[in-house]
Amino acid sequence: MTAANLEQHPLLPWLALQHTHGIGPVRAIQLRRKLGVKWYQSEQLERCTFNAEQRLQLQTAHLDVLEALLTWQQGAANRHILHWDHPDYPEQLKATVGAPLLLFVEGELGELPQAQIAVVGSRHPSYVGKENTRDLIPMLVDAGAIITSGLAIGVDGLSHRATLDAGGTTLAVLGSGLERCYPKRHQRLAAELIDGGGALLSECYPWLGPLAHHFPRRNRIISGLSVGVLVVEAAERSGSLITARYAIEQGREVFAIPGAWQNPLASGCNKLIQQGAKLVMDANDILEELAAFSVAAVKIMQPMSEELLPYPELLDNVGLEVTALDLIASRCQQPVQEVLTRLVELELAGWVETVPGGYVRARRG
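Under full-length UniProt numbering, the residue at position 280 of the sequence shown is numbered 280, and the numbers go up by one with no gaps.
Right, here's the structure in full:
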């Protein structure tokens, strides 16, 4: 492809958004909706309150990134790059707040708009958790559901495997780029998943490895693609409950399998059930709630607009001035990694913004 053709490529405006400081996915889509498909033209940008640096970044042609992405796409069959306006971008995900601007897919696109049930849970499930996963999945597959999960060890991997064994189709959303399959032990499973008519998805550039802050973002894609989320086993503080929280905010059904109160891996599921998640004894408890795979918005917690500030002790330490991550963690007296995970959630919900040097409080309308 010539340089002139590259400069007209439809991905370039979306790459500019990706690389502009202070613009997350929520603000980016607001910009697209306000200005239309030609938002990146200079006369359109004049209508917005961007600083000089942001205006320059928005009009920068990231040709090196574009060339690398096109090389990846052409490196094998069934590789796709879907921007938010692409006709194959899944509508179920597109309707959610904070949907990724770019989605990288390897495998069949035809399954993306189909009814999906997300299955998530502990990376170290108990014997009962493993059995529940293997027993429930075949019935969901027989009902016509696509099973979506995160390819992690534990319940995620078991869900993909049980789906393939039942002759079903499964999708995996990765917390790394598609060239850097994580965990490595699931590379063969990923290949079988694609061969079985499924697909791998990620919002990370294909060459990026797994990083801690990728996984909360990955979780909101898993729930966003699905009509409901089943939590098989989860401790009270786990990534599975982050997925459930996203599902709540996105108006999805949430299901949980109960367990003994003495079992720490059951505490998260039991808590979800206390808060209104559908208690699951067998697959019919899921299927009757998703009759014809219609989405009935079960609200387990109050929506964000009606509740107290999320992570108030953290937000109190992020002001309108730039605050470094280390300083926020020091003020909160919390581990840096935990603070980073929460900041990612807050950014996706529109409470904070990433800027050079750290974070600032978002000006919520």
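Think of the CB as a built atom: it goes at the ideal place given N, C-alpha and C, for glycine as much as any other residue.
Check whether the segment 251 to 263 touches the segment 211 to 230, counting contact only when three or more Cβ pairs, one atom from each stretch, lie closer than 8 Å. Segments in contact, yes.
Whose C-beta lies closer than 7 Å to the C-beta of K271 among residues of the same chain, with five residues either side of it excluded? Around K271: E236.
Three or more C-beta pairs closer than 8 Å, one from the segment 345 to 359 and one from the segment 309 to 325: is that the case here? Contact between the segment 345 to 359 and the segment 309 to 325 is present: three or more C-beta pairs spanning the two stretches fall below 8 Å.
Range of the contiguous beta strand (DSSP E) that encloses E253: First-last of the beta strand (DSSP E) with E253: E253 to A256.
Among L66, G150, E7 and T163, nearest to D19 - alpha-carbon criterion: Sequence inspection shows His at residue 19; the Asp mentioned does not correspond to that position. Comparing Cα positions, the closest option is L66.
Per DSSP, what kind of secondary structure is F293 in: helix, strand or coil? Confidence is the limiting factor: at F293 the pLDDT is only 47, short of 50, which leaves the residue's position unreliable, though a coordinate-based value still follows. F293 falls in the helix class under three-state DSSP.
Quick one: is G198 buried, meaning 16 or more other Cβ sit within 10 Å of its Cβ, or exposed? Buried: at least 16 other Cβ atoms inside 10 Å.
Can you give me the C-alpha to C-alpha distance between A166 and A143, rounded to a whole angstrom? Distance between A166 and A143, taken at the CA atoms: about 12 Å.
Helix, strand or coil: how does DSSP classify H83 here? In the structure shown, the three-state DSSP call for H83 is strand.
CA-to-CA distance, D282 to L101, given in whole angstroms: Computed Cα separation, rounded: 37 Å.
According to the neighbour-count rule (16 or more other Cβ atoms, all chains shown, within 10 Å of its Cβ), is residue 369 buried or exposed? Limits of the chain in this structure are 1 at one end and 365 at the other, which puts residue 369 out of reach.
Give the straight-line distance between the Cα atoms of L314 and E203, rounded to the nearest whole angstrom. Using only the alpha carbons, I get a separation of about 26 Å.
Among the candidates R161, S122, Y182 and V344, whose CA atom is the shortest distance from the CA of C269? If you compare the alpha carbons of R161, S122, Y182 and V344 with that of C269, the shortest gap goes to S122.
Below 8 Å on the Cβ atoms is my contact criterion, and I expect I147 with I194 to pass it. Report the Cβ-Cβ distance as a whole number of Å. At roughly 15 Å, the Cβ-Cβ gap does not stay under 8 Å, so I147 and I194 are not in contact.
Is DSSP giving Y359 helix, strand or coil here? Of the three classes helix, strand and coil, the one that applies to Y359 here is strand, per DSSP.
Between the beta-carbon of S238 and the beta-carbon of P210, is there less than 8 Å? Here S238 is not near P210, since their CB atoms are 8 Å or more apart.
Just list the residues that DSSP pairs residue 366 with in beta bridges. The question about residue 366 has no answer here: the residues shown for the chain are numbered 1 through 365.
How long is the line joining the alpha carbons of M139 and G154, rounded to whole angstroms? As the crow flies, the alpha-carbon of M139 is around 20 Å from that of G154.
What three-state label does DSSP hand V26 in the structure shown? Assignment of V26 by DSSP, reduced to helix, strand and coil, places it in the helix class.
Could I get the ranges of all uninterrupted alpha helix (DSSP H) runs contained in the UniProt domain "DprA winged helix" (312 to 358), with 4 residues as the minimum, in chain order? The DSSP assignment places 312 to 315, 325 to 332 and 336 to 348 as complete runs of the alpha helix (DSSP H) inside the UniProt domain "DprA winged helix" (312 to 358), in order along the chain (cut-off: 4 residues).
Quick one: what does DSSP say K38 is sitting in, helix, strand or coil? In this structure, DSSP gives K38 a state outside helix and strand, which the three-state scheme calls coil.
Go ahead and pull the three-state DSSP assignment for V141. Residue state, collapsed to three classes: helix.
Rounded to a whole number of angstroms, what is the C-alpha to C-alpha distance between A324 and D135? The straight-line gap separating the alpha-carbon atoms of A324 and D135 is approximately 47 Å.
Quick one: grab the DSSP three-state call for A235. Note: A235 maps to coil in three-state DSSP.
Same chain only: Cβ atoms within 7 Å of C332, ignoring 5 sequence neighbours per side: Cβ within range, chain order: E313, L314, N317 and V339.
Using CA atoms only, rank isn't needed, just tell me which of K278, I328, P264 and E345 is closest to P125. The shortest Cα separation from P125 among K278, I328, P264 and E345 belongs to P264.
C-alpha distance - V97 paired with R245, whole-angstrom precision: Roughly 13 Å separates the two Cα atoms.
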